[in-house]
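Take the sequence shown: its letters are residues 1 to 103, numbered as in full-length UniProt numbering.
Glycine included, each C-beta is placed from N, C-alpha and C at the ideal position.
The model shown is predicted, which means the values in this text are computed figures rather than measured ones.
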Amino acid sequence: MRSLLLVQGFETYMPLDEKHSIWSSTPVCMLKCLRTVTLKNFHGYSSEICFIKCVLKYACVLEMMDIWWSTWVRASKEQIMVRVKKELEMMKMSSTACVVKFS
């Protein structure tokens, strides 16, 4: 798998964090083949952020991650955008060539 497209973000009730069993065995395709990830309808939920962090942590050859914000407007959207960007900037990515773009 070279590309991954998720057209819908995750729900708020999804109990996904870095200790979730889904990350106990990272697929080889993510480690050695995944080059592009597109996540549409991103809301900034903790489950979505965790997914992004884990992909960035394990995808060694990732070149581009394109995150599309949901058109669903919230009063605190700007604050969420700033917080998410800061969180991602502080983490160590497996691929030094990866560009994370917010659209």
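- Taking all protein chains in view, the Cβ of M90 is surrounded by fewer than 16 other Cβ atoms within 10 Å, so the residue is classified as exposed.
- Taken in chain order, the unbroken stretches of alpha helix (DSSP H) that lie wholly in the segment 73 to 99 and span 4 residues or more are 77 to 90.
- The Cβ atoms of L34 and R83 do not sit closer than 9 Å to each other.
- Counting every other CB atom within 10 Å of its CB across the protein chains shown gives E48 a total of 16 or more, marking it as buried.
- DSSP places L56 in the uninterrupted alpha helix (DSSP H) bounded by 46 to 58.
- Counting the other Cβ atoms within 10 Å of the Cβ of S95 gives 16 or more, which makes it buried.
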